[in-house]
Every structure is written in C-alpha cells, then in structure tokens.
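Structure, as structure tokens:
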Amino acid sequence: MASCQKVIDLKVKDASPKYVIEGNITNLPGPYTVTLSRTTPFNTSWEFQGVGGATVTIGDNMGNSETLQESQTGIYQTTGLTGVEGRTYALHITVGGQTFTASSTMPPLVRFDSLYIRELVNFTKTVKAAVPVFTDPKGQGNAYRFNQYINGRLDKGLYYQNDDFTDGLTNSFALLQPDPDSTLHVNDRVEIDMQCIDKAVYEYWFSLDQSSKGDGNGIPANPVSNIQGGALGYFSAHTSQRRSLLVK
Amino acid sequence: MRLLICLLVLSLRLQAQEIPPIAKHTISGTVRAKGSGESILRATVTVEGKNIGVTSNDYGFFSITLPDGEYTLVISAIGWESQRIDIRLHDNQQIQTGLELQGARLQDATVTAQARGRSIRGTQMGVEHLSTKEIKNVPVLFGEKDVLKTLQLLPGVKPVSQGTSGLSVRGGSSDQNLILLDEAPVYNAAHLLGFFSTFNSDAIKDVTLYKGGMPAQYGGRLSSVVDVRMNDGNNQDLHVNGGLGLISAKINVEGPLQKDRSSFLFSARRTYADMFLKLSNDSSVNKNSLYFYDLNAKLNFTLGGKDKLYLSGYFGRDNMASQDVFGLNWGNATSTLRWNHTFGPRFFSNTSLIYSYYNYKLRINNNGSNFNVLSELRDWNIKEELQFYLNPRNNIRAGFNAIYHTLNPGVLTGGAKSGVNDTSFQKRFGLENAVFVNNSWKASEKWNITYGARLSVFSALGKGDFYKMAPDGSILDTLHYKDGQVVKTYVNPELRLALSYQLDAASSIKASYVDNTQNMHLISSTNAGFPTDQWVVSNNLIRPEKSHQLSLGYYKNFREDEYEMTVETYYKSLENQIDYRDGANLLGNGTLETELLYGKGRAYGAEWLLRKKTGRLTGWVGYTWSKSQKQIAGINEGKWYNAVQDRTHDISVVGMYKLNTKWMLSANWVYTTGNAVSLPSGKYKEDGRTVYYYSERNGYRMPAYHRLDLSATVQLKERKHFSSELAFGVYNAYNRNNAFIITFRDNKTDPSKTEAVQTTLFGAVPFISYNFKF
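Chains X and S are the protein sequences, given in the same order. Under the working numbering, the first residue of the first sequence carries the number 1, and numbering increases by one thereafter. Under the working numbering, the first residue of the second sequence carries the number 249, and numbering increases by one thereafter.
And the structure:
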C-alpha cells in the first residue's frame, strides 16, 4: 500500500521548561555523575541547559552519604562514594526552593558470559546483530539494559528486557533495531555495556521507548520516572559489564 | 421505575376503556418477496382508511388485531411494489404475501434506504437503516463494498482511525459498539488491520444502526448497536452471483432445498493481492503473505405453519506473514441457531442459541528465538424474545439473554530451544445476564410512546487469582477463587424511554432516554483495532462502563416525501471510562487491570441530515457538530481532556445519479476535523537520544481530513438469465495527502533540530470490479 512521508511545519505551544535529572551509579569505580538541566522548547535547537547551584546528595542504606561537587554547570560528581551491589541509593536534590528525591537499588550482578553475532531477518532484510550471553537467575524480577557502541559511537537504539518470559533461561535474544544506524556491518567493532537494573528503572526505559520517542507508537506521554517532586528523568543504580568483538 | 409502572397502567387502562362490544380477530403473516421467498423486514402493514398499522419484525412477521369487518390491508416496503389484500375478518386469518420487486430500472433509480416517511411515525430515533442496494453504489477503498464504511458517511458515525472500518458513534470508542451478525456478537469486525470489515455485502440483507434510543432487547455496549442480518437464501430458484475486483473475488450461491419451504445460502470471498507478491523474483517479497477470506452460510426450514428454523454461520480469517519469520493470523467464527414459533396469531417467539469465537495466533521464528502465542475469546449465548401483539395500540416485547464468556488472554509456547518459558495467562470467565420488557404504545393519534427496562446482571466468575490493588497500581493482596465461584456481581437497571409527537402529516418531534451498561472492554493502545488488542471482562477491579443518553430530534419530510430532513441532538454522560496509566504495558501483561485508570466521560452534539430519497439524483448531506471528553484522575492532571476520537466538525455529501438505464454515477465527499492528539511541548536529550516532553493529553489536533471518492457502474449487455456490470472509480480522487500520523525525529544534518514528519496512508487509489448474476 502506497504511503508517503513529508516534513511539515508544526506549531506547538511552548510550555514552561521542566527540570530533567539524569543520575547513574554503578558497581565500577566512580566518580558517578548526576546532571540537572532544563527542557528545550520544541521549536528551538536543542542545547544542554545545565542548572547550577543545586545541592545534590547521594546516600546509601549503609549510612554512607556524600554531597556532589558541581564540575560544570549542571553536572554534579561524586568524589569518594563507591557503588556496591545490593545497596539502595537515595538521591536528594534541592534547587531554587524545589526538592527532588529518588531511590534505586543496585541489583546483584548477573555475569555477562560472552557475546556473539547472529544473522536474522529484520523486516525484509537479513542483518547481523549482537547477542549478549548471560543466564538469568531463577526467580522473576531481574531486568537488564544494554548500551551498544558501534566503532565507539553509542547506538541510539534502546535495548532492555526483563525476565517475565525468560526466567532462568540463557539469553538468545539479539539486540535488534530497524534503524540503519543500529545495523552492524562486517569489520565493525561492537561493544556492549550490560546493566542489571531495578524494576523502576526498567519501567522508565520501557515507557520511554513506548511513549516518548515521538515515533508514533503507543499513547504519547512522558516516561514513568522514579523521581519524586515533578522532574523528568531517572536515577539508576546498576551494575555495568562490557564485552566487545569484531563483526565478521 | 415508578414512571414505567404509570405508563403501563395508563396504556392498559386506555385499552380497557376501548373494548368495543363486537368481536375481534387477528390477521397475521410473514411479509415475503415474491421471486425469492426472502422475508422482508420493517415492511409496513396498514389498514386502508384507518390510521392503524404495524411493521414486520426482524423475521418479517406481523400481526394485527381488528374488530370484525371488511378491510383492505396495504403492505409496502421500499424497493417493492405495494400489495393490497382485501380481507373479510370474522375469524383469525393467516395471509400469504409476495411483494414484487419494483421494475429493475426503477429500483436502481430510486436508491432509498427506508420506507417513505419512516422517520415521522414511530418513536425510534437515532437509527439508520441501510440495505445492500444502497451500499452497492457508494464508492469505497479498492471498490470493496462495505457496510461499516458506508455507515461512516452518516451523521454521528465516524471511522475510529483513518481508512479503517472501526466505528466511533457519537464520540464513543470502537469497543462500545455491539456488532451483531445474525445476533452473534462479532468481536473483531475488521480485516487487514481494519481496512475492510468482516461483512461480505453479498450475503447481507440489511443493516440497522442504533446511535441512541436502543430498544430494550439490545444491551451490553455504550455507543451503538449495529445489527447485521444475513440473507436467508432464495427458496424459489437457484441463483449464482459473484464478482472480481482488484483485490478480491467472491461468489454467492443460493437456492431452495425444498421449494417454498427451505433454502440455503453460501457466500465466499478471498483477497488475492498477495498472489502478485508470489510472482516477484525478490525472495524478500515473494515469501510474504497478506490476505483474508470469509465464508457465510445459512440454512432455513419452515416446519409446519408455526415454526421456522434458521442456522447461520460465519467464518473468517486473516493471514499476515513475513519470510517464515513472523506470522499473525486472526479471525472470527460465529454461528446462530434460531427457532421462530408462533403461539397463536398474536404471539411470536424467537429462541436463539449463539456461539461467538475470536482468536489470534502469533508466530515468531527467527534464528534461535521461536515461539507461538495464542489468544482466544469464546461466548455461549442464549436469547429468548417474545413479542405480543396485544392490540393495534400496544406491542409488547419481553425476553432474556444469558452469555457465558471465556477469555483466554494468551498462551505462549516455545519449546526447549525457543529462548522463552512456556507461559499461560489466567483465563477469565464472566456470566452476563439480562431480562427486558418493552411496550410500544400508540397513545393517541399524535403521541407514540415506547417504554421499557432492561436489567443487566453481570458476574465475574472463578477460577482464578484476583487482586487487591493500591492506588498506584501495585498489588497489595492476591485472592484465590475456585471454579465457578462468584468474584463480583454488578446489577444495573437500565431505563429505555422514547416518545414522539406528530406535528402534522409531514413532521414530528421525538425524545428518548437510554441507559446502557458495558461489561466487555477492549484494551487497545492504538484505538485502531489491532488483532492483538485484548478484550477483558469486568471483575473486582474493572468496573462496568455506564452511559446515560438523552436525545431530542425534529423530523420533516417535504416535496411529497422526496426530501427528508432530520435534526438530532444528544447528551451522553459516561461512568467508569477506561484509560491507561502513563507508560502502561498492555501487551503480554498478566495483570492488565493494574494498568487501567477510570473516570468520567461526556459526549454531546448535534446532527443534521438532509436526504433526497427519490428521483434520478439521490443521496444526502450530513453535518455533525460534536464533542467527546474524559476526566480521569491520574491523566492530564485530572483535568478534562478530549478523547482521541473527538472531532468537532464532520461533513459528508453522498450523491448517486442515474444517468440512463445503463449508467450510474456516484460520488462522496467527506470533511472532518482532525483527531485530538498529544504533541510534544519540549525536548531533552539523554545520552544523545532525544526524548520529547508532553505537557498535556490530546491538547492538539491532527490536520483536517477531507477526501472525494468517485465511481461509475455500467450494466453490460444482458442475456437470458445472465446479467453483469462493471464498476470502476477512484478513492481520494484529488489525491489529498491526509495525515495518518505525525512523528518526530532529529534533523539528519543538525541533530539539535527537530523535524515533524507527516505520514499519508493512501493517495488516489483507482479501482475496478466486475460483478455477474445468473
């Protein structure tokens, strides 16, 4: 069926900017970063609008706590904190009279055993895609996220899964997206960052993928955030492991 | 309720006063077509010289009781020559009718939907009838005649999504329509993702759409009833007709099993666009498939003078597959066994046993990850309806309906190397009962009043686990129920009231009030009617949806019924309307109820229709102004927001012109305000990925939609016992690029800039088809 696409000029109302928080803490050595910025109006070119002067603290459930240092406007970094599997981390931000809080638990690490390339069909083409190999521990509730780097460039595809249908199994699902930028070619160096994430963070990536990418799927909405207080974004405590190989 | 009792007492008391000293007897019968024996629905049977008349029911049956004397009955129905029967009444009489088709030429020239003046008499409002004759001449996508798409050209009825056959009636969603095929609910009335409906117009006799004022025998959905009746089959001679179109072929065979007493009908249709894919040398194309087929069959038997038995069935299937890698097939099956029985000349009974089934199967087989998903829905349904023709002033209907629903949301099977665990979601069970009673009372020369009530009783049944839920959707507790154990029962009385006042011979005003309750809900994130959308039944967390609709209307015929004008306004308030939490996971979710939010709805509007019913040029102009909104805690900060299907203005113009005895030209033009849609107000980036920021739900509009379709039909040379015609035309004749969807992406050269991209589904699409009959 013949369908056609064209770029159109669209007028939207510019809503007042909203705070965006992005915070990550991993089992790898720090420093860990929390960014605080504002949204850009839809019809304006995007640029990072960092918000300085905020008080940002991260604490864990073992009594450790630290106030982050602002390294650049809107970018806050830890100095001594170390992420540990199983601990719950609390983020606390005060800025301009507003307070935002979030908490995230770093799940136990699931070993990233190996990585291989598999050929599979994507719509009408046969393509190559990476398969991260790991065995999900018995018992539901595990969730994973993957960042794929192709020749050092972060692939913008979102890759995540939980174990609703794969509890206790060894993963055989490939990281597959229709976008040409996500496609692997012979002699590409592909590196995968595998993250074990908690349920709330999984729901963030899931809902972002479903409703907030502007691709017309689902009901457009903001991602479901684990941040209290009315900011966009997320706070994720996760494990991180990397593996890479050359595509043949 | 008190009101209903008052009306009942009043209508019977008036009756008591009227009993004359002379004896009364009853004339009854079935209105039939002479050539085919097909029963004719909604034919009017009037007593000449008296302001008394009845209408034949859904099986063509009528009954009229008069004081003994001499009368002339006039039986008339649109498209048929009126028949006059002289009667000397001194005992009960059964009469034989056989209406003759109006001269074939004339019939085509007067493409009319209803008996002349039907809008004026009677209390029924918010109703539209379409006969297949009418559907035939309206141009549609790919030339595939379609009852649901033709309904969309009437005021108050719109497609839920562009180009699709799903209906939004008076601001409702697509699951709020009760779509019946020979009384069997059809759960997914769409083929090929909605571009075609499941109804093969060759097998269809008649379609009635109730937008409001539903009679008490119908219930279970909030917005509308679409009552589709199949042909019975010709009981006089064997006939074959068929057609070849651009994308499909169809054939219809009907004839007597035993002349005058029994007949059969068989109709089949299949699309073959995918056969062209097979011709391709490209293996990425020739291994894909995309087709549907459907079969309609019916048998009917007359057993003695008092009984008639009908058995009808439908089976349809769609198949989409890509490269042996992905497959999705889905379809409905329905069957209905009906028994008409007359207990004496004034008492008509119909008993129906009905089965409805819908399923889809999804198959993924891609190099290591392979699994199947099956989802199904099954109904067993019994319906009893009694009609008592008490006297010419009172026609009473009463009955009951019981439906047992079994929903199997999903079974995932893989096997050892599939990469997934075999998983079954819980089956859900529901028992939906209703009793109803209704009286159509001709209170005086000018007043007609129809009053009734329906009691809806729904029980969610075990076996299964049900949940207690916190306001944020998290599960607090799980409750276990045994096989058949009642989880929750909802009792909802519904009032049905309609009245009309005849201002003069050519105009009337009417008012109606109707309550509806809905216990089957479709969970869909697309609103477009995808085969994988999930039906759920009410339970302890999912409450019945309810609506209360008040309508007022004015009806006028002029130029001796050549023109008909109707104006109807309505206000609907809705309870327990369902929407989804932000980021809801609606696919493959075993606890869907935790993703749903409930709130209020309101829909109101005004509908104008001017129709030209006779002459060389026939057709109509319709205009609707309407509003449909929801208010749900947890969405849009709890403020009222427009429903997706809220479209302020809607215009349709349909014209059919009989050029000469051979040529028929037709055109239709539609214009509608764009759907309500959520557009981003801002954006931000996370790791270089653009994320859009939404500040309100459905706060924007898609661009307005408009389209012109043209078609022409030419009768080819007729031979003895064989006639044929060629129809051709173009859909979207001026190639308007209507926006189907607007998506957003980073500009390729400057990723800091955002582009809005509009996708158009169909440009101008020509079509041609050849139809024959012998």
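Just so you know, even glycine gets a beta-carbon here, dropped at the ideal spot from N, CA and C.
State buried or exposed for residue i, treating a residue as buried only when at least 16 other CB atoms are found within 10 Å of its CB.
| i | result |
| --- | --- |
| V359(S) | At V359(S), the pLDDT of 35 sits below 50, so the modelled position is not reliable; the number obtained from the coordinates is stated separately. So V359(S) ends up on the buried side. |
| E816(S) | buried |
| L745(S) | buried |
| D542(S) | buried |
| Q362(S) | Confidence at Q362(S) is low in this model, with a pLDDT of 41, below 50, so the placement of that residue should be treated as unreliable; the coordinate-derived value is given next. Q362(S) comes out buried. |
| C196(X) | buried |
| W628(S) | exposed |
| V293(S) | buried |
| W689(S) | buried |
| K1001(S) | exposed |
| P220(X) | buried |
| Y234(X) | buried |
| R336(S) | exposed |
| I883(S) | buried |
| L486(S) | exposed |
If residue i sits next to residue j, beta carbons under 8 Å apart, how far is it from one beta carbon to the other, in whole angstroms?
| i | j | result |
| --- | --- | --- |
| S799(S) | G460(S) | 5 Å |
| I8(X) | A1004(S) | 5 Å |
| I323(S) | L289(S) | Actually they do not touch by this definition, with Cβ atoms about 13 Å apart. |
| F512(S) | K546(S) | 7 Å |
| S311(S) | K393(S) | Rounded, the Cβ-Cβ distance is 35 Å, inconsistent with contact. |
Just to confirm my understanding: we take residue i, look at its own chain, exclude 5 residues before and 5 after, and list those with CB closer than 8 Å. What are they?
| i | result |
| --- | --- |
| T398(S) | L378, E382, I383, V386 and V388 |
| G520(S) | The question names Gly, but residue 520(S) is Tyr in the sequence shown. I495, S496, A497 and Y539. |
| L354(S) | Only weak support exists for where L354(S) lies, its pLDDT of 37 falling under 50; the value from the coordinates is given anyway. There are no such residues. |
| Y204(X) | P223, V224, S225, N226, Y234 and S236 |
| D215(X) | none |
| L845(S) | I826, D827, Y828, R829, I880, A881, G882 and I883 |
Could you list which residues in chain X have their beta carbon closer than 7 Å to that of residue i, in chain order?
| i | result |
| --- | --- |
| I989(S) | G216 |
| S259(S) | Those do not exist, as S259(S) stays about 50 Å from chain X at its closest Cβ, beyond 7 Å. |
| R937(S) | K156 |
| K931(S) | T39, T40, F42 and W46 |
| E934(S) | E22 |
Cutting at 7 Å between CB atoms, please list the residues of its own chain near residue i, excluding the five before and the five after it.
| i | result |
| --- | --- |
| G365(S) | Confidence at G365(S) is low in this model, with a pLDDT of 42, below 50, so the placement of that residue is unreliable and no value is reported for it. |
| G229(X) | Q98, T99, F100 and T101 |
| V501(S) | V488 and F514 |
| E812(S) | S367, N805, R859 and K861 |
| F206(X) | Y160 |
Report the neighbours of residue i on chain S: residues whose CB is nearer than 8 Å to its CB, in chain order.
| i | result |
| --- | --- |
| L10(X) | L927, I990 and A1004 |
| Q5(X) | V1005, Q1006, T1007 and T1008 |
| N151(X) | Those within 8 Å of N151(X) in chain S number zero; the least Cβ separation is about 15 Å. |
Taking Cβ-Cβ distances shorter than 9 Å, what residues in chain X pair up with residue i?
| i | result |
| --- | --- |
| T412(S) | Neighbours of T412(S) on chain X: none; closest Cβ ~13 Å, over 9 Å. |
| N985(S) | C4 and K6 |
Identify, in the order they occur along the chain, each residue of the same chain with its Cβ nearer than 6 Å to the Cβ of residue i, setting aside the five sequence neighbours on each side.
| i | result |
| --- | --- |
| S182(X) | D155 and G157 |
| F636(S) | F595 and I644 |
| Q424(S) | R469, L470 and S471 |
| T456(S) | H377 and D475 |
| N27(X) | G83, E85 and T239 |
| F563(S) | L543 and A581 |
| I427(S) | V434, A437 and V474 |
Hey, would you say the C-beta of residue i is under 8 Å away from at least one heavy atom of the ligand ZN?
| i | result |
| --- | --- |
| Y307(S) | The ligand ZN is absent from the structure shown, which contains no ligand whatsoever. |
Could you name the residues of chain S that residue i contacts, counting a contact when the two beta carbons are closer than 7 Å?
| i | result |
| --- | --- |
| V121(X) | Q571, V573 and N614 |
| D167(X) | N669 |
Going along chain X, which residues have a C-beta under 8 Å from residue i?
| i | result |
| --- | --- |
| Y458(S) | The premise fails here: Y458(S) is roughly 30 Å from chain X at the closest Cβ pair, so nothing lies under 8 Å. |
Residue i touches chain S at which residues, Cβ-Cβ below 9 Å?
| i | result |
| --- | --- |
| P178(X) | Near P178(X) there are no residues of chain S at all, since even the closest Cβ is about 13 Å away, more than 9 Å. |
| P223(X) | D830, G831 and V939 |
Residues of chain B with CB closer than 7 Å to the CB of residue i, please, in chain order.
| i | result |
| --- | --- |
| Y942(S) | Within the model displayed, chain B is absent; protein chains X and S are what it includes. |
Against chain S: residues of the region 227-238 of chain X by CB proximity under 7 Å:
L232
Short of 8 Å Cβ to Cβ, which residues in the region 381-405 of chain S face chain X?
none
Contact list for the region 819-851 of chain S against chain X, Cβ threshold 9 Å
D827, Y828, R829, D830, G831, A832, N833, L834, G836, N837 and G838
Beta carbons nearer than 7 Å to chain X: which residues of the region 660-686 of chain S have them?
L660, G667, V668, N669 and T671
Residues of the region 11-23 of chain X whose Cβ lies closer than 7 Å to any Cβ of chain S, in chain order
V12, K13, D14, A15, P17, K18, V20 and E22
Residues in the region 552-582 of chain S having any Cβ partner in chain X nearer than 9 Å
S570, Q571, D572, V573 and F574
For the region 201-215 of chain X, which residues have a CB atom closer than 9 Å to at least one CB atom of chain S, in sequence order?
E203, Y204, F206, S207, L208, Q210, S211, S212, K213, G214 and D215
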